[in-house]
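Following: one structure in structure tokens, then a few remarks.
Numbering (our numbering), first residue to last: 10 to 233.
Take a look at the structure:
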């Protein structure tokens with residue numbers, strides 16, 4: 010009974026209905042009620058699959074070292090993406106934005122501002138706007154300490170590059186393959202002792218006004 014009452018309390022708090030008045034009505038009229046849609050709102054949600062638009066987003070700046078090419082991922086001005094960037098190259102500096110409570114991220118070139126996205130054929134392309142799921146990747150840390158990046162829209166498809174640094178078709182790439190393995194590196198010139206690789210996007214501050222009660226008013230009056 011306690012669990013049922015707790016669930017009902019949550020439902021009626023959400024809908025703005027007085028639970029006690031409703032229960033008294035049931036006792037007096039003895040109606041039979043069947044609940045349908047309200048309870049569906051309380052189904053569990055996988056937070057890693059949804060975009061978090063309310064929390065503060067972390068902004069990180071680093072390079073992605075490709076295990077196969079031995080170079081770094083870069084986003085060029087012609088919207089092409091490859092893994093041919095040298096350490097410290099201007100197009101190899103990436104800005105990484107967190108997207109959710111979990112490990113989903115958006116990656117864009119710091120120089121060009123283009124987001125790394127994946128089209129329906131599994132090709133990596135650059136886009137000015139990276140709001141779609143095709144521009145979101147899930148970070149998967151592997152046992153060998155490398156990171157794999159799985160596309161949020163096309164599950165099972167990974168960012169990958171050949172030995173020459175060319176994009177590899179995602180539909181032909183698996184998580185365990187070297188082509189999909191990356192290592193995060195700080196940009197050239199970044200001091201090893203610098204422990205502040207993160208920036209936070211500020212949110213507008215909403216002023217808090219405490220609600221005045223009779224007790225609060227009496228306490229303030231007594232203070233005088």
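Positions of the beta carbon are idealized from the N, C-alpha and C atoms, including for glycine.
Under a three-way DSSP split, which group does residue i fall into?
| i | result |
| --- | --- |
| residue 100 | helix |
| residue 157 | strand |
| residue 78 | coil |
| residue 172 | coil |
| residue 43 | Bear in mind that the predicted position of residue 43 carries a pLDDT of just 40, short of 50, making it unreliable; the figure below should be weighed with that in mind. Three-state result, residue 43: coil. |
| residue 188 | helix |
| residue 51 | At residue 51, the pLDDT of 33 sits below 50, so the modelled position is not reliable; the number obtained from the coordinates is stated separately. It is coil, neither helix nor strand. |
| residue 137 | coil |
| residue 181 | helix |
Which one of the options has the shortest CA to CA distance from residue i?
| i | options | result |
| --- | --- | --- |
| residue 116 | 151, 72, 86, 78 | 72 |
| residue 152 | 185, 70, 106 | 185 |
| residue 86 | 135, 68, 165, 188 | 135 |
| residue 107 | 93, 125, 69 | 69 |
| residue 145 | 154, 128, 155 | 128 |
| residue 132 | 66, 156, 180, 67 | 180 |
| residue 88 | 176, 159, 160, 97 | 176 |
| residue 93 | 130, 169, 183 | 169 |
| residue 84 | 101, 96, 95 | 101 |
Would you call residue i buried or exposed, if buried means 16 or more other Cβ atoms sit within 10 Å of its Cβ?
| i | result |
| --- | --- |
| residue 197 | exposed |
| residue 138 | exposed |
| residue 2 | Residue numbering for the chain in the displayed model covers 10 to 233; residue 2 lies beyond these limits and cannot be assessed. |
| residue 79 | exposed |
| residue 143 | buried |
| residue 53 | Low per-residue confidence applies at residue 53: pLDDT is 34, beneath 50, and the placement is therefore not dependable enough to give any value. |
| residue 154 | exposed |
| residue 140 | exposed |
| residue 156 | buried |
| residue 90 | buried |
| residue 105 | buried |
Tell me, to the nearest whole angstrom, how far the beta carbon of residue i is from that of residue j; I am working on the premise that it is less than 8 Å.
| i | j | result |
| --- | --- | --- |
| residue 122 | residue 103 | The Cβ separation is near 11 Å, so there is no contact. |
Beta-carbon separation of residue i and residue j under 8 Å?
| i | j | result |
| --- | --- | --- |
| residue 148 | residue 114 | yes |
| residue 77 | residue 164 | no |
| residue 75 | residue 174 | yes |
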